[in-house]
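J.: Please read through the structure below; I'll follow up with questions.
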Amino acid sequence: MPRLSSGFVPKKAHRKSRGGCLRCKTKKVKCDEIQPTCGYCSTRKLSCEYPQNSSSASRSPSSTSSPNQDSEEVNFNDALMQIPTWLVPPAFASSGQLSPLDHDLLHHYRSSSWEIFAIREDAAVHTIHRDFVPQASLSHPYLLHAILSIAASHSNMLRPSKQMERQTLVYRQKTFQGYTKALQNITAENYESILVTGMFLSALIPPPGLEDSDEEHLQWLYSVLKTNEGLTFLASLRWGQGIEKLSVYPLFCRELRTLPPPPPPTVHSSVEDPNLCTLVGRIGTTPDHPNPPPTYQRRSTPSTPLFLPPRLMVVLESLVSPTTTGPIDMHRNALVPVFQALSPIFLSLYYYHLNQDFRVRIFVLTSFLMPDFLDLVKTREPRALTLTAWWFALAGLFPRGWWIGSRVTRVVEAIGRVVRSKGDAQTVEAIKGAEKIVETLESVGREEAARSVFEDWDGMDWDDGPRRAGEWEFEQLLDLSV
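Here it is in structure tokens:
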């Protein structure tokens, strides 16, 4: 029997390779598809070439850059990395099979984008955003397209791409189409998904560029407020009938803690006028406990003066003071409730600084805005714009909120120019407070910007707020022990 040469390699049983190198295809052997040299060619020290259009060839560790090559390390946790389609297992939603891009953006939302909306450092809130929402989206196309649009927009912000920019618009259009249809048939099964989608809609409104006109920024601001009006209506469907029992309720609660009453001294003695307090209350007072009744132990509390910066208090007094001569201000009923909704925000900021309760109250302020007030914003009424500027400036103190970003400055600047051209002296003075917050935020930071709110507020020491809150909480504990 002839002796085998050293170059001879026994041929093993095989099946035909469909994505192998050209040599293995010619030899009709199964290729292990390792690149740049497969096992067959490597053993025989032969040149190895793959078809240029081969999309199924696998990569081996030897195909990555060697220590002597200049190449970035591959990060498989990067949602922007293009994963070969053959590595992505098929997944299906109610809208059909997810594409590889859908997979990538869904992963990007779960790993990064959801954190932008988690205004509370709470495990339940994190679980809802990170786990519940993506899972629920597979059964509700409008919610799926909403979070895919958000993830695409966030991804495009991190790494600009024309493709991702276009895809953001595609997902956004599908969101509004599906959402509009779902609103026509709200059921117990889809209510939570509709509610969460409504919360995301304001982030889907295309923001203007920083170089765009004041009018475009004001129109965008109005669109954001108008979108939240629909969310308020949706929440009202269950607000008094057990909304706190929903899985997503932690995203919609209006307060995290009961606030102490305003500290003495009050800013203006006229605020303590019983007639003025009665008038303000009759117009529509913000409830002492904004959350649904079952979430707290109801206690009767005496009426307390509103807690507002001096500049805003002057504007409020001009609206409701009984000594004002002439006809009653025609916009009073639309404006006063917004002053009242702002009051606990300033209380929370003073007593507990930039805590989570403050963030929640900022986030839900739009749920207190009535259609009449939104109409005033649309028509550029100076006082309505000034109140909106204060809210927007305070929202800039959020550590998150990428869809707003530097537009806080542009919106407040745009409002300031309108107020100075159309408003009276009191309103022009009031807008300066919002502008000061934004200027301090840009030049120094959030903590100093928050402190600046109380700098011209007689008797309100920023550092003294937490001490006063602690004393009040201690008194409450003593009352409970009696």
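Per UniProt numbering, the sequence shown runs over residues 1 to 482.
The beta-carbon is built from N, C-alpha and C at its ideal position, and this holds for glycine as well.
Bear in mind that the values here come from a model prediction, so they are computed numbers and not experimental data.
1. Might you give, ordered along the chain, the residues of its own chain that have their beta carbon closer than 6 Å to the beta carbon of L387, omitting 5 neighbours on each side?
2. Start and end of the alpha helix (DSSP H) containing M199?
3. Would you kindly report the start and end of the unbroken alpha helix (DSSP H) that includes Y179?
4. Mind checking which residues open and close the alpha helix (DSSP H) that includes Q220?
5. May I have the straight-line CA-CA distance separating V360 from L148, to the nearest angstrom?
6. With distances taken between CB atoms, is the gap from A384 to R311 smaller than 8 Å?
7. Can you list the alpha helix (DSSP H) stretches of 4 or more residues lying completely in the region 444–472, in chain order?
8. So the alpha helix (DSSP H) T388 belongs to, where does it begin and stop?
9. Nearest-angstrom Cα distance between R238 and L342?
10. Determine the direct distance from the alpha carbon of Y171 to that of residue 483, and round the result to whole angstroms.
11. Assuming L397 and L259 are in contact, meaning their beta carbons sit under 8 Å apart, how far apart are those beta carbons, in whole angstroms?
12. Between the C-alpha atoms of K45 and H103, what's the straight-line distance to the nearest angstrom?
13. Assign F92 to one of three DSSP states: helix, strand, or coil.
14. For Q97, which three-state DSSP category applies?
15. Buried or exposed for S236, please, with buried defined as at least 16 other CB atoms from any protein chain shown within 10 angstroms of its CB.
16. Spatial neighbours of V125 within its chain, please: CB distance less than 6 Å, with the 5 preceding and 5 following residues excluded, ordered by chain position.
17. Pop quiz: A434 and V412 are said to be a contact at Cβ under 8 Å. What is the actual Cβ separation, rounded to whole angstroms?
18. Any idea what DSSP makes of T37, helix, strand or coil?
19. Does the region 221–231 touch the region 435–453, meaning 3 or more C-beta pairs lie closer than 8 Å?
20. Less than 8 Å between the C-beta atoms of G96 and Y142, yes or no?
21. Can you tell which of H154, S139 and N156 has its C-alpha closest to the C-alpha of S197?
22. Which residues in the same chain have their Cβ closer than 8 Å to the Cβ of E72, if we skip the five residues on either side of it in sequence?
23. Looking at the structure shown, is R417 part of a helix, part of a strand, or coil, going by DSSP?
24. According to DSSP, simplified to helix, strand and coil, what is F474?
25. Just the Cα atoms here: how many angstroms apart are P344 and A393?
26. So, is M199 buried or exposed, given that buried needs 16 or more other C-beta atoms within 10 angstroms?
27. Report all residues from its chain with a CB closer than 7 Å to the CB of Q476; omit the five preceding and five following residues, and keep chain order.
28. Candidates L169, A334, L234 and N333: which alpha carbon is nearest N185's?
29. Provide the residue span of the alpha helix (DSSP H) that contains Y296, from first to last.
30. Counting along the chain, where does the alpha helix (DSSP H) carrying L349 start and finish?
31. Once you ignore the five residues that flank E473 on each side, which residues in its own chain have a CB closer than 8 Å to its CB?
32. Buried or exposed for F362, going by 16 or more other Cβ atoms inside 10 Å?
33. Which word fits T43, buried or exposed, when buried means at least 16 other C-beta atoms lie within 10 angstroms of its C-beta?
34. Determine the direct distance from the alpha carbon of L369 to that of E317, and round the result to whole angstroms.
35. To the nearest angstrom, how far is the alpha carbon of D305 from that of P262?
36. Determine the DSSP secondary structure at V248, reduced to helix, strand or coil.
T.: Reading off the structure:
1. Beyond the five residues adjoining it in sequence on each side, L387 comes within less than 6 Å, by CB distance, of V338 in the same chain, given in chain order.
2. Y191 to L204
3. Per DSSP, the continuous alpha helix (DSSP H) segment holding Y179 begins and ends at K162 to L183.
4. Looking at the sequence provided, one finds Trp at residue 220 rather than Gln. D214 to S236 is the span of the alpha helix (DSSP H), which, as asked, contains W220.
5. 25 Å
6. no
7. 446–452
8. For T388, the enclosing alpha helix (DSSP H) stretches over residues P382 to A395.
9. If you take the alpha carbons of R238 and L342, they lie about 24 Å apart.
10. Residue 483 lies beyond the range of the chain shown here (1 to 482); nothing can be said about it.
11. Actually they do not touch by this definition, with Cβ atoms about 18 Å apart.
12. Distance between the alpha carbons of K45 and H103 is about 40 Å.
13. strand
14. Judged by DSSP in its simplified three-state form, Q97 adopts strand.
15. exposed
16. A118 and P250
17. 6 Å
18. coil
19. no
20. no
21. Sequence check: residue 197 is Thr here, not Ser. For T197, the nearest C-alpha among the options comes from S139.
22. Caution is warranted here: a pLDDT of 46 is assigned to E72, below 50, making its placement in the model unreliable, and the coordinate value is therefore given only provisionally. Correct list: empty, nothing qualifies.
23. helix
24. Assignment of F474 by DSSP, reduced to helix, strand and coil, places it in the helix class.
25. 16 Å
26. buried
27. none
28. L234
29. Per DSSP, Y296 belongs to no alpha helix (DSSP H) and is neither H nor E.
30. R332 to Y352
31. So the list reads P260, once near-sequence residues are dropped.
32. Here residue 362 turns out to be Ile, not Phe, going by the sequence shown. Its Cβ being crowded by 16 or more others within 10 Å, I362 is buried.
33. exposed
34. 20 Å
35. Per the sequence presented here, residue 305 reads as Pro, with Asp not at that position. Roughly 7 Å separates the two Cα atoms.
36. Correct three-state label for V248: coil.
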